[in-house]
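Here's the structure we're looking at; comments come further down.
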Amino acid sequence: MSETDVHYDVHAVEEKWLPVWEKLDTFRADDDVVRSGGREKRYALTMFPYPSGDLHMGHAEVLALHDVIARYWRFRGYEVLNPMGWDSFGLPAENAAIRNDEHPATYTYANIETQLASMKRYGLSFDWSRRLHTSDPEYYRWTQWLFLKLREQGLAYRKNSPVNWCPNDQTVLANEQVVDGACERCGAEVTKRELTQWYFRTTAYAQELYDRLDDLQSAWIGKVVNAQRNWIGRSEGAHVTFEVEGHEPMTVFTTRPDTLWGATFMVVAADAALATELVSDDQRQALEDYLVDVRKETDIDRLATDRPKTGVFLGVHATNPVTGEQMPVWASDYVLADYGTGAIMAVPAHDQRDLDFARVMGLPVRRVVDTGEDNPEESGVATTGDGVYVNSGPLDGKSDKAAGISEAIAILERNGHGSGTINFRLRDWLLSRQRYWGAPIPIVHCPVDGEVPVPEDQLPVELPELRGADLKPKGTSPLGAATDWVNVACPACGGPATRDTDTMDTFVDSSWYFMRYVSPHDDTQAFDTELANAWGPIDLYIGGDEHAVLHLLYARFFTKALRDAGLLDWDEPFSAYLSQGKVINNGRKMSKSLGNGVNLGDQLAEFGVDAVRLTLVFASPPEDNIDWADVSPGGSVRFLQRAWRLSGDVTSAPGVDVSTGDVALRKITHKTVHEIAQLLESYRFNVVVARTMELVNATRKAIDSGCGPADPAVREATEAVAILLSLVAPYTAEEMWERLGHEPTVAQAAWPTVDPELLVDESVTAVVQIQGKVRARLEVSPGISESDLEAAALADPAVTKAIDGRQVRKVIVRAPKLVNIVV
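Okay, structure coming up:
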């Protein structure tokens, strides 16, 4: 065949190979092989999708990238676990179902089947025998069991506190689900409410979660590690105790105990329980009036530095433990109830928000660190740099900040007024949701026995169907309306009791799903510990960096908690993490409102699966955005046709002795395979495609320039192209493999063996520059010495002519590829 031959029908090829792959079940992982150590394992995982519609361009990109590495690992002889399922509980599916006036289960499972068909058509190498859905009772039975397990460990508890409230979704949100003051799901402005809710004690692992990020720094992308580190927010300092007249002492955390001599007043978060406890009777109404406005504000608003400062004097004073001075205690919105102890010592000279508050309220300002700048009391600008201690008692005249902090802590500890400590920004994970479509919390509330866990043999606590019921959010869980479901006998005493009507945050489901994949059909345990330890941890996790804090942090917490429960041997769930960029169009995020949406189904219909996959992988490095307006799926179709035609040109038989083939083409083939293996290990998938394209072109050139289609080197090169292409274009690769005389499937082939001798260059091209301009190119031995290369360059006629008798001032040699002559 030649370049002008008719191209093949991409859609007919897709229909041909789908049933073949289904029958062969090529990608089923063998637990026994891994359990016995028969082959080294690799666990490939990509974030599983919400079933809120068919696949979109973002799905198409991450799935294509993920499939490259999973297929490559199989070629290299690893036993690969590559599962897929659906994160099918949660607000996106429930809200969509409400909009469409149907039950969430109906909507969810219909979308799962749609996405499943699309994934199979997309030629992905998943082990479909391990498919799971988090909304199946068979799955959330074990989500509930794990909740109770964590509760046994003291890691799940219920308390009353101010919580983030989404007025649109009518449910509480974890701190991590509030982005710039708005709901991470719907974008509505978040407010505060006082509610009794369930929490996971993520703070119990704050130090370990923080410390282990150092181990992940090289295997995760830096911005994700930094996002986790900043969210956990470790800071060293001291807890300082202040005596309060007529009340229990109050404790605050500070990173600068050395500035205590400059503390002139205290500020308590207005919505903290401490404010209500401390306020005097004559100031109580003022605090209650102030709280009406505070509860309308978001945390982002409250922390803004440019807002006018407001507050209420609580009518009490605290004693400064190093000066003995009486300091007024105020309530204000610029301190948050869930940070530290919900109270601060205000050092207005050296904190701008404290200074702004002090100036508004007429409170004293005392400088205790002289930085050489203007006195803040006069300038209105707080000084935050280092300097000499002044007005600081025993620290006066000193300038070493670290020593000053240590000395201040020693004074506090000696006098019984404080101690050195570590504080974290991380708060416990609020997991209750006042919504229907989630795993019910397996707790019964009894007037006699209190909180009673549902016995294990009564799990799962299944959702009542509530078909025909109004599931629109109203601020309380719709489950409360299912009275037959809510009213139960107490498992402890048998008396009348009620079920907890909240459901769990969907991030609970996705914090352990990768463990369930190792034994997804086991009805005796959440997961097989032996298999989890054999397969885990995940060798590469691929997903979006929008989960840099939420999902990844929660999964890390769950892994550590289950390790301590004796269910796992490993500490971190994801050994390596690769984040993909977004698919945009004309420089902007795709959306219907902007009129720049690109429908994946339309692209597949026009260009075929292989061309879309190839285009997405080739467009950019995985972490960069892809602008669909700048790429050419049509060009990908033409390249795939060129590659396919090679397989029709080969006339030598399978198994031919390739060592007798054209050496030049064999060198190109072996160097390409060798380089691509290195590129795949470093996730440079776009360059892999480029090198494959170069091999196709080199093979075509060899055929057309006299090497001939019968040359064994042509077969060797074309078979290598088929294997390399199967990473990104499985249908084309399968067709090529069949035309080359092999049994399906190419996915079961071995990675091409590289001959080290063919990687050695017999000669390399050395560039000779004079005054920075190229004047000659020399073919030299790769092992040439610098002196020999210099002599060869100076003796070259073109170089001699260019020097034209001028004095050579300097010769810079970088053997074997460069000589730079300065005249």
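Note that the UniProt record's numbering numbers the sequence shown so that position 56 is 56, with each residue one more than the last.
A virtual CB, placed ideally from N, CA and C, is assigned to each residue, including glycine.
Same chain, Cβ closer than 7 Å to residue i, five either side skipped, listed in chain order
{"i": "Met250", "result": "Phe242, Val244, Leu274, Ala318, Ala343"}
{"i": "Phe89", "result": "Thr134, Ser135, Trp437, Gly438, Ala439, Thr506, Asp509"}
{"i": "Pro478", "result": "Tyr436, Leu466, Ala469, Leu471"}
{"i": "Gly601", "result": "Asp54"}
{"i": "Ala206", "result": "Ile232, Phe424, Leu426"}
{"i": "Asp538", "result": "The question names Asp, but residue 538 is Ile in the sequence shown. Tyr43, Leu45, Phe514, Pro573, Phe574, Ser575."}
{"i": "Val617", "result": "Ala64, Leu65, Val68, Phe685, Asn686, Val689, Val728"}
{"i": "His551", "result": "Phe507, Ser510"}
{"i": "Ile542", "result": "Thr46, Val62, Leu65, His66, Leu578, Gln580"}
Residue i - DSSP class collapsed to helix/strand/coil
{"i": "residue 824", "result": "An answer regarding residue 824 cannot be provided, because it is not within the stretch 1 to 823 covered by the chain."}
{"i": "Leu818", "result": "strand"}
{"i": "Lys296", "result": "coil"}
{"i": "Glu102", "result": "coil"}
{"i": "Pro348", "result": "helix"}
{"i": "Cys446", "result": "strand"}
{"i": "Trp86", "result": "strand"}
{"i": "Ala776", "result": "strand"}
{"i": "Leu314", "result": "strand"}
{"i": "His247", "result": "strand"}
{"i": "Arg642", "result": "helix"}
{"i": "Asn586", "result": "coil"}
{"i": "Thr615", "result": "helix"}
{"i": "Glu79", "result": "strand"}
{"i": "Tyr731", "result": "helix"}
Exposure label - residue i; buried when at least 16 CB within 10 Å
{"i": "Pro455", "result": "exposed"}
{"i": "Asn415", "result": "exposed"}
{"i": "Gln144", "result": "buried"}
{"i": "Ser511", "result": "buried"}
{"i": "Cys186", "result": "exposed"}
{"i": "Cys493", "result": "exposed"}
{"i": "Leu759", "result": "exposed"}
{"i": "Asn320", "result": "buried"}
{"i": "Gly450", "result": "exposed"}
{"i": "Ile770", "result": "buried"}
{"i": "Ala750", "result": "exposed"}
{"i": "Ser519", "result": "buried"}
{"i": "Gly85", "result": "buried"}
{"i": "Thr4", "result": "Caution applies to Thr4, whose pLDDT of 42 falls short of 50 and renders its modelled position unreliable; the model cannot decide the point."}
{"i": "Asp306", "result": "exposed"}
Same chain only: Cβ atoms within 8 Å of residue i, ignoring 5 sequence neighbours per side
{"i": "Ala489", "result": "Gly495, Pro496, Ala497"}
{"i": "Arg367", "result": "Gly262, Ala349, His350, Asn375, Pro376, Glu377, Thr383, Val390, Asn391"}
Minimum Cβ-Cβ distance from residue i to chain D less than 8 Å
{"i": "Met266", "result": "Within the model displayed, chain D is absent; a lone protein chain is all it includes."}
Element boundaries [alpha helix (DSSP H), containing residue i]
{"i": "Ser379", "result": "376–379"}
{"i": "residue 830", "result": "Nothing about residue 830 can be read from this structure; the chain reaches only from 1 to 823."}
{"i": "Ser406", "result": "401–415"}
{"i": "Tyr72", "result": "57–75"}
{"i": "Val692", "result": "The amino acid occupying residue 692 in the given sequence is Thr; Val does not appear at that position. Per DSSP, Thr692 belongs to the alpha helix (DSSP H) from 685–702."}
{"i": "Glu716", "result": "712–725"}
{"i": "Ser129", "result": "Taken as a continuous stretch (DSSP letters only), Ser129 belongs to no alpha helix (DSSP H), as it is neither H nor E."}
{"i": "Met266", "result": "Element bounds for Met266: not the alpha helix (DSSP H) but the beta strand (DSSP E), 265–269."}
Range of the contiguous beta strand (DSSP E) that encloses residue i
{"i": "Ala653", "result": "Run containing Ala653: none; DSSP gives neither H nor E here."}
{"i": "Gly342", "result": "Here Gly342 belongs to no beta strand (DSSP E), and DSSP marks it neither H nor E."}
{"i": "Trp330", "result": "326–332"}
{"i": "Gln769", "result": "764–770"}
{"i": "Val224", "result": "From DSSP, Val224 is part of no beta strand (DSSP E) but of the alpha helix (DSSP H) over 222–232."}
Own chain residues within Cβ distance below 6 Å of residue i, not counting five before or after
{"i": "Pro162", "result": "Lys192, Glu194, Asp271, Ala337"}
{"i": "Ile784", "result": "Ala815, Pro816"}
{"i": "Thr615", "result": "Val631, Pro633, Ser636"}
{"i": "Leu818", "result": "Val767"}
{"i": "Val813", "result": "Glu786, Leu789, Glu790, Val819"}
Note to self: Across the region 27–43 and the region 73–86, are there enough close Cβ pairs to call them in contact, namely three or more that are closer than 8 Å?
What the structure shows: The region 27–43, when compared against the region 73–86, does touch it at the 8 Å Cβ threshold.
Check: Are there three or more Cβ pairs, one per stretch, closer than 8 Å when the region 196–207 is compared with the region 383–397?
Finding: The region 196–207 makes no contact with the region 383–397, as fewer than three CB pairs between them are under 8 Å.
Item checked: Contact between the region 415–427 and the region 227–242 (3+ Cβ pairs under 8 Å) -> Yes, the region 415–427 touches the region 227–242.
Notebook entry, point to check: With a cut-off of 8 Å, do at least 3 Cβ pairs link the region 85–99 to the region 50–63?
Noted result: Touching, per the Cβ criterion.
Notebook entry, point to check: Three or more C-beta pairs closer than 8 Å, one from the region 257–265 and one from the region 280–287: is that the case here?
Noted result: With a cut-off of 8 Å on Cβ pairs, the region 257–265 is not in contact with the region 280–287, counting fewer than three such pairs.
Next item on the list: Could you tell me whether the region 701–721 touches the region 648–667, where touching means 3 or more Cβ pairs closer than 8 Å?
Entry: The answer is yes - the region 648–667 touches the region 701–721, with three or more Cβ pairs under 8 Å.
Margin query: Whether or not the region 210–219 and the region 161–181 are in contact is what I'm after, with contact meaning three or more pairs of Cβ atoms, one per stretch, closer than 8 Å; do they touch?
Written below: At 8 Å Cβ cutoff, the stretches do not touch.
Next item on the list: Evaluate the contact criterion for the region 590–609 versus the region 564–577: three or more CB pairs, one atom per stretch, below 8 Å.
Entry: With the cut-off at 8 Å, the region 590–609 and the region 564–577 do not touch.
Margin query: Is it the case that the region 356–365 contacts the region 303–311, given that we only count it when at least three CB pairs across the two stretches are under 8 Å?
Written below: As far as the Cβ criterion goes, the region 303–311 touches the region 356–365, which means the pair count is three or higher.
Check: With contact counted as at least three CB pairs below 8 Å, one residue from each stretch, are the region 727–741 and the region 641–648 in contact?
Finding: When C-beta atoms of the region 727–741 are compared with those of the region 641–648, three or more pairs fall below 8 Å, so the two segments count as touching.
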